[in-house]
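A.B. asks: Sharing a structure here in structure tokens format.
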Amino acid sequence: MECKHDHHTDEARNNVTANIEQHGCHIVLVQSGNSVPDFAYSIGLYERFNHPEIICFDLKSDLMSSMINHACDLIEQGELLIPGKLYDGFLEGHNVQLLPVDKAFYAEHFGYARWYYGNYIDFPALQIVYPDLQGNFPWEENFNPEWKFRQPLLDRNIDFKFYEERNVGVFTTIQVLNGAPILNVYHNEDGAWQFHTNDTLDIADAKLVALETITKLDPSVNNVFDLEYGWQAFRNSIEDDWQYQLNPEEEEEESTQDTPATEKPKSILQKLGNWFK
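For the sequence shown, UniProt numbering begins at 1 and goes up steadily by one.
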């Protein structure tokens with residue numbers, strides 16, 4: 001059974017419990033925004049079968065639900081799904097594999113499950129990983145590079161969660177490079193990233209560095225990896241949680257246009273394959 005995120009209420013909990021009892025698990029569909037892929041995951045496989053929960057990324061919603069339900073059917077029949085083994089029956093014409101999910105990714109990807117389990121994060125989880133159209137998996141040499149960021153591999157790269165190359169250029173200031181805290185992050189409509197210590201900038205202080213330089217200076221910026229295009233994340237100090245708002249400059253630019261905004265062209269990744277939304 002599938003649903004969108006509900007509010008954390010007794011009614012929502014009862015709905016999850018009912019789906020687990022009736023269908024074996026509850027499926028959460030997460031629409032992530034415009035900069036990272038959507039995903040779906042199960043709740044209840046651990047509670048009912050003592051089996052890891054299942055997560056998968058960036059396919060059509062009904063296909064992700066079907067894959068999780070297929071996993072649930074196998075588990076109900078007594079099968080233990082194993083990382084590294086090839087499985088058919090999940091995706092027409094292709095095998096899939098499973099990876100163990102590192103708990104460093106739970107906060108961003110299993111929020112509703114953590115709530116249901118009472119913020120208990122010791123439940124295990126497995127990620128369904130699918131190949132490209134030629135059957136190559138993401139860790140294989142001939143994997144289609146244009147599919148690299150369709151599905152993050154949640155068993156690795158806990159030091160760098162961004163859906164970018166580590167050496168992609170980003171904008172910052174000499175103050176940040178000299179140790180000033182990163183308190184403002186911007187993800188421009190064109191995809192460019194900016195990392196600043198305050199919202200008043202002097203162009204003379206601007207620096208272009210690799211994104212990995214920023215994550216090494218302050219690993220907590222990994223928490224804004226899913227910041228949407230045109231948005232800003234900000235905080236008063238590095239001890240505070242990030243807050244989010246539409247970037248005022250982007251909002252002002254949008255409001256001053258005389259003609260209606262046209263839909264943003266779909267990326268080449270969104271055009272490939274009939275599996276994808």
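The beta-carbon is built from N, C-alpha and C at its ideal position, and this holds for glycine as well.
1) Using the Cα positions of P145 and Q151, report the straight-line distance between them to the nearest angstrom.
2) With which residues is H94 paired in a DSSP beta bridge?
3) With a threshold of 7 Å on Cβ separation, who are the neighbours of L208 within its own chain once the five nearest residues in sequence on each side are excluded?
4) Can you give me the C-alpha to C-alpha distance between M64 and D241, rounded to a whole angstrom?
5) I'd like to know whether the C-beta atoms of M67 and I128 end up nearer to each other than 7 Å.
6) Considering Cα atoms alone, identify which of T173, N223, Y186 and F39 is closest to I203.
7) Please specify which runs of the beta strand (DSSP E), each continuous and at least 3 residues long, are wholly inside the region 17 to 85, giving them in chain order.
8) For P131, which residues from the same chain have a beta carbon less than 6 Å from its beta carbon, with the 5 sequence-adjacent residues on both sides left out?
9) According to DSSP, what are the bridge partners of residue 310?
10) Taking three-plus beta-carbon pairs below 8 Å as touching, is the region 234 to 248 in contact with the region 176 to 189?
11) For I158, which option in P219, Y112 and I54 has the closest C-alpha, if you only look at C-alpha atoms?
12) Candidates Y46, N188 and V28: which alpha carbon is nearest D38's?
13) Who are the Cβ neighbours of R114 in its own chain at under 8 Å, not counting the five residues just before and after it?
14) Taking all protein chains shown into account, do 16 or more other C-beta atoms lie within 10 angstroms of the C-beta of P124, making it buried, or fewer, making it exposed?
15) Taking A125 as part of the alpha helix (DSSP H), name the residues at either end of that continuous run.
C.D. replies: On the basis of the data shown:
1) Against the sequence shown, residue 145 aligns to sequence position 145. Against the sequence shown, residue 151 aligns to sequence position 151. Cα to Cα, the separation comes out at about 12 Å.
2) Taking the first residue of the sequence shown as position 1, residue 94 is located at position 94. BP columns for H94 point to L91.
3) As a position in the sequence shown, residue 208 is number 208, starting the count at 1. Closer than 7 Å at the Cβ level, and outside the excluded window around L208, lie G169 and F171.
4) On the sequence shown, position 64 is the one that residue 64 refers to. On the sequence shown, position 241 is the one that residue 241 refers to. Between M64 and D241, the C-alpha separation is close to 31 Å.
5) If you number the sequence shown from 1, residue 67 lands on position 67. If you number the sequence shown from 1, residue 128 lands on position 128. Result yes, Cβ atoms of M67 and I128 sit closer than 7 Å.
6) Position 203 of the sequence shown holds residue 203. Here the closest residue by C-alpha is T173.
7) 26 to 30, 39 to 43 and 53 to 57
8) Locating residue 131 in the sequence shown gives position 131, counting from the first residue. Taken in chain order, the residues that qualify are H94 and F137.
9) There is simply no residue 310 to check, as the chain begins at 1 and stops at 277 in what is shown.
10) yes
11) Counting from 1 along the sequence shown, the entry for residue 158 is found at position 158. Checking every option, the nearest Cα to that of I158 belongs to P219.
12) Translated into positions along the sequence shown, residue 38 becomes position 38. Ranking the options by Cα distance to D38, first place goes to V28.
13) If you number the sequence shown from 1, residue 114 lands on position 114. Excluding positions up to five away in sequence, the list reads Y106, A107, Y120 and I121.
14) Sequence index remark: in the sequence shown, residue 124 carries index 124 (1-based). It counts as exposed.
15) If you number the sequence shown from 1, residue 125 lands on position 125. No alpha helix (DSSP H) holds A125; the beta strand (DSSP E) holding it covers A125 to V129.
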